[in-house]
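Q:
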Amino acid sequence: MDVVGGRSLYSAFAEFAEQRPDREWLVFERADGEVTRWTYGEFLHSVHRSVNLLTGLGINKGDAFDLHLSNHPASVQLILAASYLGAVAMPTNPISTVDELTYLVGHSESCAVFTDPGCLDVVDQVAEALSVSQVLVCDDGSGVPEGYRGYDLELGEQVAVPNASRVATDGLVQLLYTSGTTARPKGVMLTNSCLIYGAEVFRAATGLRNDDCHLISLPLYHAAAQCHALWPSLVSGCQVALMSRFSASRFFEQAVTYEGTMAALFGAPLRMLLNQPERDTDTRHEIRNITFAQSLTESQYEEWHCRFGAPLQQLWGMTETCSLPIMSPLSGERRLKAMGKPVLGYEVKVVDGLGEETGVGDPGEVIVKGVPGKTLMLGYLKNEEATSETLREYPDGVWLHSGDTVSTDDDGYFYFLDRGKDLIKRAGENISSIEVESVIMDCEGVLDVCVVGVPDAVRDESLVAVVVSANGTTVSAESVVTFCEEKLAHFKVPDRVVFRDVLPRTSVGKVQKQVIREWLSES
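Take the sequence shown: its position 321, counted from the start at 1, is 315 in this note's numbering, and no numbers get skipped.
#1: If you run the structure through DSSP and keep just helix, strand and coil, what is glycine 112?
#2: So, for valine 462: in the same chain, excluding its five sequence neighbours on each side, which residues have a beta-carbon less than 8 Å away from its beta-carbon?
#3: Rounding to the nearest angstrom, what Cα-Cα distance links glycine 0 and tyrosine 78 in this structure?
#4: CB threonine 275 to CB phenylalanine 246, shorter than 8 Å?
#5: If contacts are defined as beta-carbon pairs under 8 Å, then isoleucine 284 and leucine 306 qualify, I think. What distance do you get, rounded to the angstrom?
#6: Note down the Cα distance separating valine -3 from valine 195, rounded to an integer number of angstroms.
#7: Count the other C-beta atoms from every protein chain shown that fall within 10 angstroms of the C-beta of aspartate 134, then say buried if there are 16 or more, exposed otherwise.
#8: Just tell me which of Trp310, His42, Phe37, Glu12 has its CA closest to the CA of alanine 154.
#9: With which residues is glutamate 292 paired in a DSSP beta bridge?
#10: Are alanine 199 and methionine 321 close, meaning C-beta to C-beta below 8 Å?
#11: Does valine 70 come out as helix, strand or coil in the three-state DSSP assignment?
#12: Determine, using beta carbons only, whether leucine 20 and leucine 202 come nearer to each other than 8 Å.
#13: Just how far apart, CA to CA, sit glycine 391 and serine 289?
#14: Which same chain residues, not among the five before or five after cysteine 221, have their C-beta less than 6 Å away from its C-beta?
#15: Using alpha carbons as the reference points, say which of Gly27, Ala11, Met183, Glu341 lies closest to threonine 172.
#16: What's the gap between the Cα of threonine 175 and the Cα of isoleucine 425?
#17: Got a sec: is the Cβ-Cβ distance from serine 396 to anything in chain B below 8 Å?
#18: Counting only runs that start and end within the segment 447 to 504, where is the alpha helix (DSSP H) found for 4 or more residues in a row?
#19: If you run the structure through DSSP and keep just helix, strand and coil, what is valine 445?
#20: Whole-angstrom Cβ separation of cysteine 132 and leucine 209, contact assumed at under 8 Å?
#21: Put proline 263 into one of helix, strand or coil per three-state DSSP.
#22: In chain order, what residues of the same chain have a beta carbon less than 7 Å from the beta carbon of lysine 507, not counting five sequence neighbours either side?
#23: Quick check on proline 85: does DSSP put it in helix, strand or coil?
#24: Let's see if you can read the secondary structure: which residues bound the beta strand (DSSP E) around threonine 285?
#25: In the DSSP assignment, find the beta strand (DSSP E) that holds lysine 419 and state where it starts and stops.
#26: Alpha carbon to alpha carbon, what distance is there between glycine 144 and glutamate 103?
#27: Going by alpha carbons, who is nearest to glutamine 13 out of Gly27, Thr33, Leu3?
#28: What residues are listed by DSSP as bridge partners for arginine 143?
#29: Please state the DSSP three-state secondary structure of valine 250.
#30: How many Å lie between isoleucine 428 and isoleucine 434 at the Cα?
#31: Mapping DSSP to helix, strand and coil, what is aspartate -4?
#32: Kindly identify the DSSP beta-bridge partner or partners of phenylalanine 410.
#33: Got a sec? Which residues, its chain only, sit under 7 Å from leucine 268 by beta carbon, not counting five neighbours each side?
#34: Within this structure, are the beta carbons of phenylalanine 260 and phenylalanine 286 separated by less than 8 Å?
#35: Taking DSSP as the reference, what is the three-state secondary structure of asparagine 157?
#36: When DSSP labels each residue in this structure, what does proline 271 get in the three-state scheme?
Written out as structure tokens, the structure reads:
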């Protein structure tokens, strides 16, 4: 059975909006505390205005544009408008450096940028370097600087009836760049069909209901906020409470204020919440389920349930899977130390280096069966080699190779052992160690470098750079960090820089990162 049913993100939303235009859809709390609300009907009109705004900018089917934004309703409006037009939205992290954003905008061939006022120093340099003439500023409460085009103002000038025809529903709608394990991010191509499919699978696996309110505080430029919060809410026809950012001190207060019943988080925010002083809102909320990734300790789980009483549901997935193929069972034993079990809608197995399925308790790579562009990503933009390495054709179909090492138990639960090669997880951000290493190698006085992640009690992992200095040169930890700060977003900058005379390597020259991790754990 086809659960997509020919729907796009736009058509799925429009169907609900036409059936019950007066029901509340989106509540947005801005960073300054201002709250704006839209009914389904009002938001559909804003999407139609976004369609007209995009076409007025010359953006039509197949054209890409950048959403360089913190959480803002504009992201939702413009992605749905892209779905209508067949255009392609490319969300990016607003703290990206000039070098990082230049690559993303250039590689995606984005012809316009929608951004926050605080990002203009970077965006202006990128726009000039790439000759991007269309830059619109979304008001975040600080106002639109003089001389810039304001998105909100121009949106209000558009009519609420789209002036362009709708396109086929199964086309490319988003590019989400993921660090993966290469020096440059890869553009994951996501279609309307795979996002709708993933949302329906998630809705069923979490019991998301029409009368729920999903509290979203994770950033919308990440797949997590979209694929296990926003789009499942859209296909469920429920309500969304969108926060400008995650606030550990106000999370449960916001849940109470906006009557949130569902939320999506990950390990680091959960630990941040546990580190907060106790408040009466810890138990006054009505949250009945929080989906998350990355395990806590047994004592943290116990403290969480005793203090907050908000059930947790563990999960595993990738941007490339479009949803979460492995989740804790909704009913029965959740066994939160495990990633969960395969959910209805995905076929998952663990294989060894020869592609043979492993036995219970034996480590192997987790792979996911699907149809590219329908239930999995379409592929990586302009990267056939990486696409064919990840999406592999077998006699029984296409399997997505995750690179993550897991094992299973006798009851069918999956346990995470190690992430994809060279990928570091820091407070929810995926960081390529190779990307950081390539930057540090350009630092004067550096001969060799290895970047690894080491366990961090709050942020999952911290970054450590192990540096070998060139003969006759003097390089300091401070100079390496300063160099990285100029080239990388702050979450990619090493927390610590240590020096060694030589890096341990295998007989074929590969750095032995496990040996380095052992060094660091002993130091």
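Note that CB positions come from ideal geometry on N, CA and C, so glycine has one too.
Just so it is clear, the structure is predicted and the values come from calculations on it, not from any experiment.
A: Concretely, from the data shown:
#1: helix
#2: Val440, Leu441, Asp442, Val443, Phe493, Arg494, Asp495, Val496, Leu497
#3: 13 Å
#4: yes
#5: 5 Å
#6: 9 Å
#7: buried
#8: His42
#9: Answer is none; glutamate 292 lacks a bridge partner.
#10: Yes, they are a contact pair.
#11: Three-state result, valine 70: helix.
#12: Contact flag unset, no.
#13: 32 Å
#14: Gly192, Ser317
#15: Met183
#16: The pLDDT assigned to threonine 175 is 49, lower than 50, so where the model puts this residue is not dependable; a value taken from the coordinates is nonetheless given after this. One C-alpha to the other measures close to 8 Å.
#17: Chain labels in this structure do not include chain B; a single protein chain is all it has.
#18: 471 to 481
#19: strand
#20: With a Cβ gap of about 22 Å, cysteine 132 and leucine 209 do not count as contacting.
#21: Correct three-state label for proline 263: helix.
#22: Cys444, Val446
#23: DSSP places proline 85 in strand when its eight states are reduced to three.
#24: 283 to 286
#25: Start and end: 417 to 420.
#26: Roughly 22 Å between the two C-alpha positions.
#27: Thr33
#28: Leu130
#29: Judged by DSSP in its simplified three-state form, valine 250 adopts helix.
#30: 10 Å
#31: coil
#32: Bridge partners of phenylalanine 410: Val400.
#33: Gln294, Glu297, Trp298
#34: Their beta carbons are under 8 Å apart, which means phenylalanine 260 touches phenylalanine 286 by this criterion.
#35: coil
#36: Correct three-state label for proline 271: coil.
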